[in-house]
Each structure stands twice: as C-alpha cells, then as structure tokens.
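Novice: Residue numbers for the sequence shown follow this note's numbering, so the first one is 679 and each next one is one higher.
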Amino acid sequence: MILEVKNISKHFGGISALNNISIAVAKAEIVGLIGPNGAGKTTFFNCITGIYRPDAGKITFGEYREEITHFAAHRISERGIARTFQSARVFASMSVLENVMAGTFSRTCGKLWGTLIRSRRILEEEEAVRRRSEELLRFVKLNSRASSLASSLPFGLQRRLEIARALAAEPRLLLMDEPAAGMNAGEKQELLEIIRKICAQGISILIIEHDMKVVMGLCQRIAVLDSGEKIYEGSPQDVQSNSKVVEAYLGKKRDASKS
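#1: What do you reckon, are the CB atoms on Phe723 and Leu853 nearer than 8 Å?
#2: In whole angstroms, what is the alpha-carbon distance linking Ala760 and Pro832?
#3: With DSSP collapsed to three states, give me the class of Ile841.
#4: Under DSSP, the alpha helix (DSSP H) around Ile746 begins and ends at which residues?
#5: Do Ala828 and Ala770 have their beta-carbon atoms positioned less than 8 Å apart in this structure?
#6: With a cut-off of 8 Å on the beta carbons, I'd call Ile841 and Thr721 a contact; round off their distance for me.
#7: Taking only three categories from DSSP, how would you classify Arg731?
#8: How far does the alpha helix (DSSP H) with Lys891 in it extend, from its first residue to its last?
#9: Would you call the segment 734-747 and the segment 706-718 touching, i.e. three or more CB-CB distances under 8 Å?
#10: State the Cα-Cα distance for the pair Glu744 and Ala780, rounded to the nearest angstrom.
#11: Taking DSSP as the reference, what is the three-state secondary structure of Lys789?
#12: Can you give me the C-alpha to C-alpha distance between Ala901 and Gly710, rounded to a whole angstrom?
#13: Sorted by chain position, which residues of the same chain lie with C-beta nearer than 8 Å to Phe817's C-beta, five sequence neighbours on each side aside?
#14: Whose C-beta lies closer than 7 Å to the C-beta of Thr727 among residues of the same chain, with five residues either side of it excluded?
#15: Is Gln918 buried or exposed, if buried means 16 or more other CB atoms sit within 10 Å of its CB?
#16: Assign Glu925 to one of two classes, buried (16 or more other C-beta atoms within 10 Å of its C-beta) or exposed (fewer than that).
#17: Would you report the Cα separation of Ile622 and Gln867, rounded to the nearest angstrom?
#18: Buried or exposed: where does Lys688 fall if 16 or more other Cβ atoms within 10 Å of its Cβ makes it buried?
#19: Can you tell me which of Ile881, Gln915 and Arg798 puts its alpha carbon nearest to the alpha carbon of Ala703?
#20: Leu903 lies in the beta strand (DSSP E); which residues open and close that run?
#21: With Pro732 and Asp904 assumed to form a contact (beta carbons below 8 Å), what rounded beta-carbon distance in angstroms separates them?
#22: Work out the CA separation of Glu682 and Leu696 for me, nearest whole Å.
#23: When you compare the CB positions of Asp889 and Ala858, do they come within less than 8 Å of one another, or not?
#24: So Met854 is in the alpha helix (DSSP H); what residue range does that whole segment cover?
#25: By alpha-carbon positions, which one of Ile708, Ile701, Phe690 and Arg767 ends up nearest to Gly735?
Shown next as structure tokens:
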C-alpha cells in the first residue's frame with residue numbers, strides 16, 4: 679500500500695468529525711470515498727494533507743511506510759501527495775500556463791541568489807518547467823488556452839487546470855475532492871478519461887465524489903463514511919447493494935441500481 683491511514687480521529691470541540699477511520703490505497707489504484715454531506719470526507723483529506731492534525735491514529739506513506747501523521751502540509755507535498763479542492767482554486771490573474779508552472783514549486787531547487795542573477799542553472803530549470811507544464815496542458819486538453827487568463831476559463835475547464843497543476847508537483851498519490859461537481863455529461867466523460875490515464879501512469883488516486891455514475895464507473899474500491907464513521911468498504915457492486923450504504927447515502931434500496 680502506498681497510503682495507510684489507521685484509526686484516525688479528529689474532533690472540533692465536542693464534535694467528532696472523524697472516529698477511528700482506517701483506509702488504505704495501493705499503487706495505481708483508484709479508491710472512492712463517498713457519504714452524505716457532513717460525513718467527514720473533506721476533513722479526512724485535510725488530515726492526510728497536513729491542513730489538520732489528527733487527534734489520534736497514524737498515517738504512513740510510500741514504499742517504506744514513512745509516518746507523516748504530523749507533517750506540515752509542504753513536507754507532505756514534497757513526499758508526493760497532491761490534491762484538488764471542492765471549489766476549483768486557480769490563480770485568477772495568472773495565465774493558464776503560469777498556473778501549471780506554479781504547481782512545480784515543490785520540485786524546483788533554485789536558490790534566491792541564483793534566481794536574482796538569472797544563473798544558467800535557473801534558466802535551464804525554468805525552461806524545463808515550461809516544457810513540462812505545456813505537456814500537462816496537452817494531457818488535460820487545455821494547450822490551446824495556455825495564454826488565456828485562468829479566470830476566463832469556464833468552470834469545467836478550471837477543474838482540468840487544477841488537475842494539471844496538481845500533476846505538476848509529480849505526485850505519487852492524488853487526492854481529488856468532488857472533481858465532477860458542476861460538470862455536464864460530456865465534461866464528466868472527459869474527466870473520467872483523464873483520471874484513468876493518470877492512474878495508468880502509476881499514480882494512485884483517492885477520490886471524493888457525489889456522482890454515483892462517476893464513482894461506480896471509476897473506482898476499484900469504495901469506502902463509505904457517515905457521521906464521521908466508516909460504515910462500509912468494498913467493491914462498487916457490493917456498495918450498491920449494502921443496506922447500510924443504501925440507507926445512509928444512496929436512497930431507497932429500489933433506487934440504488936439507478937445511481
């Protein structure tokens with residue numbers, strides 16, 4: 679497993695946001711995380727990425743199972759974990775290309791003095807970053823918009839831009855928080871293709887998503903949260919037919935097959 683989260687708990691005052699949650703993700707695996715609003719899904723992501731520190735439990739990452747439970751966010755990013763957010767977060771006043779280039783920050787090694795004097799090493803590094811960013815824009819089919827302001831992109835394309843920027847950090851694990859939200863059917867299909875191609879490159883993916891067609895068509899395993907508890911984990915087929923999941927999230931049992 680590239681990621682192992684064991685018995686994570688997180689409290690805010692007297693409220694238990696996460697209670698004893700354990701989830702693992704293997705290399706090049708797509709795992710879904712579903713549940714109703716307020717189930718604790720984004721809080722779980724925030725604990726993995728260092729935005730929150732868990733009150734209990736352990737998080738390990740990588741082939742050597744390095745413990746990252748209390749690492750700062752930038753150290754976790756350096757280890758190879760990247761994420762996207764519920765609402766697309768782009769640098770509105772920067773170009774599409776510049777947004778992706780900004781995602782390489784944790785992977786560049788130029789020092790302040792070299793940057794100021796525009797050393798040969800810095801210039802070569804900048805050129806490599808530009809080439810890689812252009813490749814990523816082609817990968818998410820945004821290369822024709824490279825010089826456009828990020829704020830000019832429609833919502834669905836901003837989502838793709840955020841994915842390209844996350845990939846610029848060269849992650850081994852990508853956390854995606856509701857990437858299909860607000861997309862039409864055609865945009866969702868293109869998103870599925872992009873995610874599958876990411877996984878085919880050996881990158882593991884943990885995805886929060888409310889669209890059951892996206893989740894069921896994409897994930898090898900699905901974990902279900904409800905009120906901060908993990909109530910089930912299994913294959914998409916098992917999740918659809920599990921009575922606890924149907925009651926907590928999917929609606930009436932007779933409607934589960936339509937999701």
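Every residue gets a Cβ at the ideal spot worked out from N, C-alpha and C, and that includes glycine. Predicted, not measured: the structure shown is a model, and the values here were computed from it.
Specialist: According to the structure shown:
#1: For the purposes of this step, residue 723 is taken as residue 45 along the sequence shown, with counting starting at 1. For the purposes of this step, residue 853 is taken as residue 175 along the sequence shown, with counting starting at 1. Their beta carbons are under 8 Å apart, which means Phe723 touches Leu853 by this criterion.
#2: One-based indexing of the sequence shown puts residue 760 at position 82. One-based indexing of the sequence shown puts residue 832 at position 154. Rounded to the nearest angstrom, the two C-alpha atoms are 23 Å apart.
#3: Within the sequence shown, numbered from 1, the residue matching residue 841 stands at position 163. Ile841 falls in the helix class under three-state DSSP.
#4: In the sequence shown, counting from the first residue as 1, residue 746 sits at position 68. Segment: none, Ile746 is in no alpha helix (DSSP H) and carries neither H nor E.
#5: In the sequence shown, counting from the first residue as 1, residue 770 sits at position 92. In the sequence shown, counting from the first residue as 1, residue 828 sits at position 150. Yes. Within cutoff.
#6: Sequence index remark: in the sequence shown, residue 841 carries index 163 (1-based). Sequence index remark: in the sequence shown, residue 721 carries index 43 (1-based). Taking C-beta atoms under 8 Å as the contact rule, Ile841 and Thr721 fail to qualify, at a distance of about 22 Å.
#7: Stepping through the sequence shown from its first residue, residue 731 is reached at position 53. Coil, per DSSP.
#8: By 1-based counting over the sequence shown, the position of residue 891 is 213. Element bounds for Lys891: Met890 to Leu896.
#9: The segment 734-747, when compared against the segment 706-718, does not touch it at the 8 Å Cβ threshold.
#10: Position 66 of the sequence shown, counting from 1, holds the residue named residue 744. Position 102 of the sequence shown, counting from 1, holds the residue named residue 780. Distance between the alpha carbons of Glu744 and Ala780 is about 27 Å.
#11: As a working note, residue 789 is residue 111 in the sequence shown. Any reading at Lys789 is ruled out, since the residue's pLDDT is 48, under 50, leaving its predicted position unreliable.
#12: In the sequence shown, residue 901 corresponds to position 223, counting from 1. In the sequence shown, residue 710 corresponds to position 32, counting from 1. One C-alpha to the other measures close to 6 Å.
#13: In the sequence shown, the residue the question calls residue 817 occupies position 139. These residues qualify, in order along the chain: Ala842, Leu845, Ile872 and Lys875.
#14: Locating residue 727 in the sequence shown gives position 49, counting from the first residue. Within the same chain, and ignoring the five residues on either side of Thr727 in sequence, the residues whose Cβ sits closer than 7 Å to its Cβ are Ala751, Ile754, Ile759, Arg761 and Leu853.
#15: Within the sequence shown, residue 918 is the residue found at index 240, counting from 1. Flag for Gln918 reads buried.
#16: Within the sequence shown, residue 925 is the residue found at index 247, counting from 1. By the neighbour-count criterion, in which 16 or more other beta carbons inside 10 Å mark a residue as buried, Glu925 falls on the exposed side.
#17: Since the first and last residues shown for the chain are 679 and 937, residue 622 lies out of range.
#18: Along the sequence shown, read from residue 1 onward, the residue named residue 688 stands at position 10. Taking all protein chains shown into account, Lys688 has 16 or more neighbouring C-beta atoms within 10 Å of its C-beta and is therefore buried.
#19: Translated into positions along the sequence shown, residue 703 becomes position 25. First, the amino acid is wrong: residue 703 is Val here, not Ala. The residue with the shortest Cα to Cα distance from Val703 is Ile881.
#20: Indexing the sequence shown from 1 puts residue 903 at position 225. Segment Arg899 to Asp904, the beta strand (DSSP E) holding Leu903.
#21: As a position in the sequence shown, residue 732 is number 54, starting the count at 1. As a position in the sequence shown, residue 904 is number 226, starting the count at 1. In this structure Pro732 is not in contact with Asp904, their Cβ atoms being roughly 19 Å apart against a cut-off of 8 Å.
#22: Counting from one through the sequence shown, the residue named residue 696 turns up at place 18. Counting from one through the sequence shown, the residue named residue 682 turns up at place 4. Between Leu696 and Glu682, the C-alpha separation is close to 16 Å.
#23: Within the sequence shown, residue 889 is the residue found at index 211, counting from 1. Within the sequence shown, residue 858 is the residue found at index 180, counting from 1. Cβ distance < 8 Å, so Asp889 and Ala858 count as in contact.
#24: Counted from its first residue, the sequence shown places residue 854 at position 176. Taken as a continuous stretch (DSSP letters only), Met854 belongs to no alpha helix (DSSP H), being part of the beta strand (DSSP E) at Leu851 to Asp855.
#25: Reading the sequence shown from its first residue, position 57 is the one you call residue 735. Ranked by Cα distance from Gly735, the first of Ile708, Ile701, Phe690 and Arg767 is Ile701.
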